[in-house]
Amino acid sequence: MALLFPNVYLFDRESDLLDSASRLWNRTFEERLQSGKRFLVALSGGTTPIPFYQRLAAQERPDIWERTDLFLVDERFGAPDHRDSNGRMLKENLIRPAGFPSKNVHLIPLDKKTPEESARAYEESLQIFFRLGRGEFPEFDFILLGIGTDGHTASLFPGTPALDEIERAAVAVRLEGDRRDRVTLTLPVFNRAGKIVFLVRGEEKAEIVHRVIEKREPSLPAARVRPLHERPIFFLDRKAGRKLSSHLQGNRGVS
Ligand code: 6PG
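For the sequence shown, this note's numbering puts the final residue at 255, and the numbers step up evenly by one.
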């Protein structure tokens, strides 16, 4: 399998990063529209993408929301609408303020007894929506991912079995200690997507960004995202990109 080298964009100003990411989103949407297709996206939680979601919501483009189906990349398992829920965060920052039609929103169900049941139910809803046959995976147009300081992405953590999943589109992830269990999409889904977009901000991510993008350490989940169709795209602020080699530091964004 050929390894597609990533497109890395670095920004000094948050507003430029958000402009560029929104342009990429809108452009991908227009491409889908022109080919008469719906825009199929899967979005991550975490804190980094919140301003991006708010920016999208502020666009006042009901034409986009009408033709977009929004799925979650991952979710923290707990009571529906709990404080750490990615679905709750997306409702507050994108779904409600944008006026996203509820029929187009496909959250990870939190009304199940276990994360395993929740993952099964989510997988079934993917199978129905994408009309998947046995062994097939959903193909999203745009997946937004983040990176944790340990190199995790989505809810794929280093050394966990979910990272080696090759058959299922969504699985449960049991975590130790007081961390909430999770439900996550898996690498086969990420690797089949059209645009894989990482959004990463902050000094504390500089080292891991270098290890993911340049060293491509296979123990790091984010480095295991290797899209088959298009180069992965990294939108970084200057601090997160500080440890990258100089040839990667000159790229200023999507025009
Ligand atoms: C989540 C994510 C997770 C996140 C990283 C980065 O639900 O938290 O899917 O993978 O993207 O942990 O999080 P921050 O953006 O908060 O640094």
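Every residue, glycine too, gets a C-beta built ideally from N, C-alpha and C.
Does the distance from the CB of residue 44 to the CB of residue 144 come in under 8 Å?
Closer than 8 Å, so yes.
Which of helix, strand or coil does DSSP assign to residue 84?
Coil at residue 84, not helix or strand.
Report the option in 84, 78, 234 and 25 whose CA atom is closest to the CA atom of residue 119.
Minimum Cα distance to residue 119 is reached at 78.
Taking the Cβ atom as the reference point for each residue, do residue 87 and residue 107 lie within a distance shorter than 8 Å?
Taking 8 Å as the Cβ cut-off, residue 87 and residue 107 qualify as a contacting pair.
Less than 7 Å between the CB of residue 48 and some heavy atom of the ligand 6PG, yes or no?
It does: the Cβ of residue 48 is within 7 Å (strictly closer) of some heavy atom of the ligand 6PG.
What does the alpha-carbon distance come out to for the pair residue 110 and residue 224?
Taking the straight line from one Cα to the other gives about 28 Å.
Sort 82, 47, 90 and 35 by Cα distance to residue 57 and report the nearest one.
Closest option to residue 57, Cα to Cα, is 90.
Contact defined as beta carbons within less than 8 Å: I believe residue 41 pairs with residue 122. What is the distance between those atoms, to the nearest angstrom?
In fact, because the Cβ distance is near 15 Å, the residues do not count as touching under 8 Å.
Taking residue 160 as the reference, give the member of 167, 172, 149 and 168 with the closest Cα.
Taking only the C-alpha atoms, the option nearest residue 160 is 172.
Applying the criterion that 16 or more other CB atoms from any shown protein chain within 10 Å of the CB defines a buried residue, is residue 166 buried or exposed?
Exposed, since its Cβ has fewer than 16 Cβ neighbours within 10 Å.
I'd like the list of long-range same chain contacts for residue 1, defined as Cβ closer than 8 Å, with 5 residues on each side in sequence excluded.
Unreliable placement is indicated for residue 1, whose pLDDT of 47 sits below 50; the coordinate value is still reported in the next sentence. The residues are 226 and 228.
Which runs of the beta strand (DSSP E) at least 3 residues long sit entirely within the stretch 160-225? Give them in chain order.
Runs found: 170-173, 182-185 and 195-200.
Kindly list the residues whose CB is nearer than 8 Å to the CB of residue 151, restricted to its own chain and excluding five residues on each side of it in sequence; keep chain order.
Hits under 8 Å: 158, 208, 211, 212, 217, 219, 220, 221, 222 and 223.
Quick check on the DSSP output: the alpha helix (DSSP H) that includes residue 61 runs from which residue to which?
Premise fails: residue 61 is in no alpha helix (DSSP H) and is neither H nor E.
By DSSP's criteria, residue 120 is part of a beta bridge. Which residues make up the other side?
BP columns for residue 120 are empty, so no partner.
Which whole-angstrom value describes the C-beta separation of residue 156 and residue 199, a residue pair presumed to lie in contact below a C-beta threshold of 8 Å?
Not confirmed; about 16 Å, so no contact.
Name the DSSP bridge partner or partners of residue 106?
BP columns for residue 106 point to 71.
At a threshold of 7 Å, does residue 153 count as lining the ligand 6PG (C-beta to nearest heavy atom)?
Yes, the beta carbon of residue 153 sits closer than 7 Å to at least one heavy atom of the ligand 6PG.
Using the three-state DSSP reduction, which class does residue 153 fall into: helix, strand or coil?
Residue 153 falls in the strand class under three-state DSSP.
Is DSSP giving residue 143 helix, strand or coil here?
Residue state, collapsed to three classes: strand.
Assign residue 235 to one of three DSSP states: helix, strand, or coil.
Residue 235 falls in the strand class under three-state DSSP.
Can you give the Cα-Cα distance for residue 239 and residue 74, rounded to whole angstroms?
Distance between the alpha carbons of residue 239 and residue 74: 26 Å.
Given 7 Å as the limit, tell me if residue 208 has its C-beta closer than that to any heavy atom belonging to the ligand 6PG.
Residue 208: no, Cβ never under 7 Å from the ligand 6PG.
Where DSSP assigns a beta bridge to residue 7, which residues make up the other side?
DSSP lists 233 as partners of residue 7.
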